[in-house]
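Data block below; observations after.
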Amino acid sequence: MSQNVELDRVVMRFGAVTAVREVSLEVRGGEFFSFLGPSGCGKTTLLRLIGGFIDPTEGEIRIGGRDMRGIGPNRRPTAMIFQNLALFPLMPVWENIAFGLEVRGVPKSERRRRAEELLELIALPGYADKQVAELSGGQRQRVAIARALAVEPQVLLLDEPLSALDLKLRQHMRAELRALQKRTGVTFIYITHDQGEALAMSDRVGVMSQGVLQQVGRPEELYDTPLTPFVASFVGENNRFAGRVREAANGHATIETEAGIFRGRNVGRLSAGERALLFVRPERLQVANGGAVENRLTAPVSHRTFEGAFIYLVADVPGSRPVTVQLANTGAVPVSEPGGEITLGFAAEDAVILADQGEG
Amino acid sequence: MTALIRRFGLGLSALIIALPVFWIVMMIVLPELVMIDFAFRPNLLPAEIGGPKDVYTLGNFQTLVENTIHRAIFLKTIWASAFVTLVTLVVCYPIAYHLAQGTKPERTGFLILLLIIPFWINEILRTFAWFIILAYNGPLNALLSGLGLIDRPIRFLNGNFGVIIGMVYAYILFMVFPLYNSMESLDRNQIEAARDLGASAWRIHRRIVIPHAKPGIATGCIFTFMLAAGSYAVPALLGSPQSRWFTEIIYNWFFEGGNWNQGAAYAIVLLALCLGFILLMLRVFRVNLGDIAK
Chain X
1036 MSQNVELDRV VMRFGAVTAV REVSLEVRGG EFFSFLGPSG CGKTTLLRLI GGFIDPTEGE
1096 IRIGGRDMRG IGPNRRPTAM IFQNLALFPL MPVWENIAFG LEVRGVPKSE RRRRAEELLE
1156 LIALPGYADK QVAELSGGQR QRVAIARALA VEPQVLLLDE PLSALDLKLR QHMRAELRAL
1216 QKRTGVTFIY ITHDQGEALA MSDRVGVMSQ GVLQQVGRPE ELYDTPLTPF VASFVGENNR
1276 FAGRVREAAN GHATIETEAG IFRGRNVGRL SAGERALLFV RPERLQVANG GAVENRLTAP
1336 VSHRTFEGAF IYLVADVPGS RPVTVQLANT GAVPVSEPGG EITLGFAAED AVILADQGEG
Chain D
4 MTALIRRFGL GLSALIIALP VFWIVMMIVL PELVMIDFAF RPNLLPAEIG GPKDVYTLGN
64 FQTLVENTIH RAIFLKTIWA SAFVTLVTLV VCYPIAYHLA QGTKPERTGF LILLLIIPFW
124 INEILRTFAW FIILAYNGPL NALLSGLGLI DRPIRFLNGN FGVIIGMVYA YILFMVFPLY
184 NSMESLDRNQ IEAARDLGAS AWRIHRRIVI PHAKPGIATG CIFTFMLAAG SYAVPALLGS
244 PQSRWFTEII YNWFFEGGNW NQGAAYAIVL LALCLGFILL MLRVFRVNLG DIAK
């Protein structure tokens, strides 16, 4: 079983800038864990901390229970896949893959054999003697993974390795990475700003913003029950209503907004009188034509975008940000042209109420 | 050619072509041809020129083969220049690596400036500075005896030591800059990746940095070797009669012996040596002239 990674109140400061603030977390052995956040949120710093390229200003990083402070990247049970892959262009593919073994003094014939095995694993048999320059983007990607796996790391660190690939290849590589992780059982720690990537591949995701780990959870949890307004608006699309709590009971709350009075799940555990934000997903909104829906609002439609499988409507709700509705194109969608009024509704179970900590 | 004429007109195009042609023919090809012509003729009295003795011969080259002192000095010049090149490479490699990969970009400019400042002074003057530093009663001897490392002063300027020190110092920039240029383009992630895979510093250099910097190493070595082999001022000032350089002998043939034919032959041998060294470097480092021109 591969080893776990524990971060214990890890702080990283660069001069006056604090890149990582008190991050505590356990990545379990054999897990596919992603750090998700916008650029500059500290996720790359976190990865470099785990990889041993830098040591934290405060706090402790343990891999397999062992404190890693002062242990360089070459002596940690981790292997990193760099954003630009950093393959060695002057070595053929097999020497790239076997570099870590060469360092460990493995004899040449054995190195070659292992490289061929790994090429088999990444579905590039027969590529041993090719030059790096001859490979396509996706092939380089896979060679970089093989090179990292060759040293049999306990933990594989991946720094946005798919960002340079085109969309189709990226989607293909997602599935492949996931399958590879399952097959090898190695702990993957993956960094990305692409929430689709994070949600699709990961067992669990940690969302970061401005050096703070906002929330850790399974993709479904993050999506359905965000715990902070940042997570609610960063992960997926969300509509947001600001207001004050009127009453709260039994895990639900009613809030009063300028667009109306809505009931939702009181995820933020607010009490009456507190400022609150209510979030509801575009696909959880429905066109409410007299049906028995708990929350309702009526507004003029300002845009309508047809995307084949989906139709997007944007409604200008007074006193709120524009509200987006995603309607599945089932053929039964009422044609709401821009200009016309529309009545929208959503169930209380589909709305999340969080504390409004100012603009965030 | 037609593109050139269409762009600049006939007159300007002719000028653009004529100037480099003039330069190459008048400044490079003709003088070399004259020198080669000189080298293969015997040194004759003015009256004998054009006479029956004025024939092509290998006699001037034979002198070098037969004169044991000249031969020894020629061979010494080869190994000493190669040694200077090696020492310069060893000294400059860490400097260049530090400049290219070890410092923040803001500091690199400052460090390069520090390297260049001494070279704002004339080479002769800098060599004289070393003459003073290395002198029998000079500061280096004073320092060493002050530290108790030596009992009595060392005659640095007696043998090849002073010459080699002076040359390493004189040619540092010609080695640092090609190395720096070639190392600077190395992606730092490659170094980190190698380190992450467990490589020691030594292996990172052997497998990643040096292969990448090969064209720069070859260029720096070629520069340094040619400058060292062709150096006159440094051996003249820092050397002693026992540590004469081949260039000094060429100089003597021309200006003291008055035998231009003999001097030309020796100069051609030196030229051939340098060409041979270039080809050797290109072969050893498996680079071509195109890589070096970069």
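Chains as they are written, first to last, in our numbering: chain X, 1036 to 1395; chain D, 4 to 297.
Glycine residues also receive a C-beta, built at the ideal position from the N, C-alpha and C atoms.
{"Query": "Quick one: which unbroken beta strand (DSSP E) runs of 3-plus residues sit fully inside the region 1241-1299 of chain X? Chain order, please.", "Result": "1247-1252, 1274-1284 and 1287-1292"}
{"Query": "Taking the alpha carbon of Val237(D) as the reference point, which residue from Lys56(D), Leu282(D), Pro49(D) and Met170(D) has its own alpha carbon closest?", "Result": "Met170(D)"}
{"Query": "Have a look at Thr60(D) and Phe86(D) and give me their C-alpha separation to the nearest angstrom.", "Result": "34 Å"}
{"Query": "Taking C-beta to C-beta, are Gln265(D) and Thr111(D) nearer than 8 Å?", "Result": "no"}
{"Query": "Spatial neighbours of Val287(D) within its chain, please: CB distance less than 8 Å, with the 5 preceding and 5 following residues excluded, ordered by chain position.", "Result": "Ala221"}
{"Query": "For Asp57(D), collect the residues of the same chain with a Cβ closer than 7 Å to its Cβ; drop the 5 residues on either side in sequence, then sort them by chain order.", "Result": "Arg44, Leu47 and Glu51"}
{"Query": "Would you list, in chain order, the members of the region 1125-1156 of chain X that have their beta-carbon closer than 7 Å to a beta-carbon of chain D?", "Result": "Leu1125, Phe1134, Gly1135, Val1138 and Arg1139"}
{"Query": "Does the CB of Gly201(D) have a neighbour CB from chain X at under 8 Å?", "Result": "yes"}
{"Query": "Got a sec: is the Cβ-Cβ distance from Phe1049(X) to anything in chain D below 8 Å?", "Result": "no"}
{"Query": "Residues of chain D with CB closer than 8 Å to the CB of Met1115(X), please, in chain order.", "Result": "Glu195, Ala196 and Asp199"}
{"Query": "So with CB distances below 9 Å, who are the chain X contacts of Ile175(D)?", "Result": "Correct list: empty, because the minimum Cβ distance to chain X is about 27 Å."}
{"Query": "On a Cα-Cα basis, can you pick out the residue from Leu1156(X), Ala1179(X), Pro1112(X) and Pro1160(X) that is closest to Val1167(X)?", "Result": "Ala1179(X)"}
{"Query": "In chain order, what are the residue ranges of uninterrupted alpha helix (DSSP H) at least 4 long that sit wholly in the region 1144-1217 of chain X?", "Result": "1172-1185"}
{"Query": "Please state whether DSSP places Ser1355(X) in a helix, a strand or coil.", "Result": "coil"}
{"Query": "Have a look at Pro181(D) and His73(D) and give me their C-alpha separation to the nearest angstrom.", "Result": "33 Å"}
{"Query": "Would you list, in sequence order, the uninterrupted alpha helix (DSSP H) runs of no fewer than 4 residues that lie entirely inside the region 247-287 of chain D?", "Result": "249-254 and 263-287"}
{"Query": "Under three-state DSSP, which class holds Phe1070(X)?", "Result": "strand"}
{"Query": "With a threshold of 7 Å on Cβ separation, who are the neighbours of Ala1277(X) within its own chain once the five nearest residues in sequence on each side are excluded?", "Result": "Thr1292, Leu1312 and Asp1391"}
{"Query": "Give me the chain X residues within the contact set of Arg74(D), using Cβ-Cβ distance strictly less than 7 Å, ordered along the chain.", "Result": "In chain order: nothing, as chain X lies at least about 42 Å away."}
{"Query": "Does Gly1395(X) come out as helix, strand or coil in the three-state DSSP assignment?", "Result": "Here the model assigns Gly1395(X) a pLDDT of 43, short of 50, so the residue's position is not dependable, and the following value carries that caveat. Coil at Gly1395(X), not helix or strand."}
{"Query": "In the region 73-147 of chain D, which residue ranges form an unbroken alpha helix (DSSP H) of at least 4 residues, counting only runs that do not cross its ends?", "Result": "108-119 and 126-136"}
{"Query": "Below 8 Å between beta carbons: does that hold for Gln1230(X) and Gly1172(X)?", "Result": "no"}
{"Query": "Quick one: grab the DSSP three-state call for Phe1117(X).", "Result": "strand"}
{"Query": "Any idea if Leu278(D) is buried or exposed, counting beta-carbon neighbours within 10 angstroms, 16 or more meaning buried?", "Result": "exposed"}
{"Query": "Mapping the DSSP letters down to three states, classify Arg206(D) as helix, strand or coil.", "Result": "helix"}
{"Query": "Output yes or no for whether 8 Å exceeds the beta carbon distance between Pro214(D) and Asp294(D).", "Result": "no"}
{"Query": "With a 10 Å radius around its C-beta and 16 neighbouring C-beta atoms as the bar for buried, classify Met1208(X) as buried or exposed.", "Result": "buried"}
{"Query": "Helix, strand or coil for Tyr1347(X), going by three-state DSSP, please let me know.", "Result": "strand"}
{"Query": "Give, in chain order, every unbroken run of the alpha helix (DSSP H) that is at least 4 residues long and sits entirely within the region 149-231 of chain D.", "Result": "164-173, 175-187, 191-199 and 204-207"}
{"Query": "Please confirm if the region 1379-1386 of chain X is in contact with the region 1313-1322 of chain X, defined as three or more CB-CB distances below 8 Å between the two stretches.", "Result": "yes"}
{"Query": "Residues of chain D with CB closer than 8 Å to the CB of Ala1121(X), please, in chain order.", "Result": "Asp190, Asn192, Gln193, Glu195 and Ala196"}
{"Query": "Pick from Leu143(D), Val37(D) and Cys95(D): whose alpha carbon is nearest that of Pro156(D)?", "Result": "Leu143(D)"}
{"Query": "Quick one: give me the first and last residue of the beta strand (DSSP E) that Leu1029(X) is part of.", "Result": "With chain X represented from 1036 up to 1395, any question about residue 1029(X) goes unanswered, as that position is not in the structure."}
{"Query": "Would you say Ile271(D) and Ile39(D) are within 8 Å of each other, going by their C-beta atoms?", "Result": "yes"}
{"Query": "Could you tell me which residues DSSP pairs with Leu1381(X) in its beta bridges?", "Result": "Per the sequence presented here, residue 1381(X) reads as Phe, with Leu not at that position. DSSP output for Phe1381(X) lists Asn1330(X) as bridge partner(s)."}
{"Query": "Can you give the Cα-Cα distance for Arg289(D) and Gly1086(X), rounded to whole angstroms?", "Result": "36 Å"}
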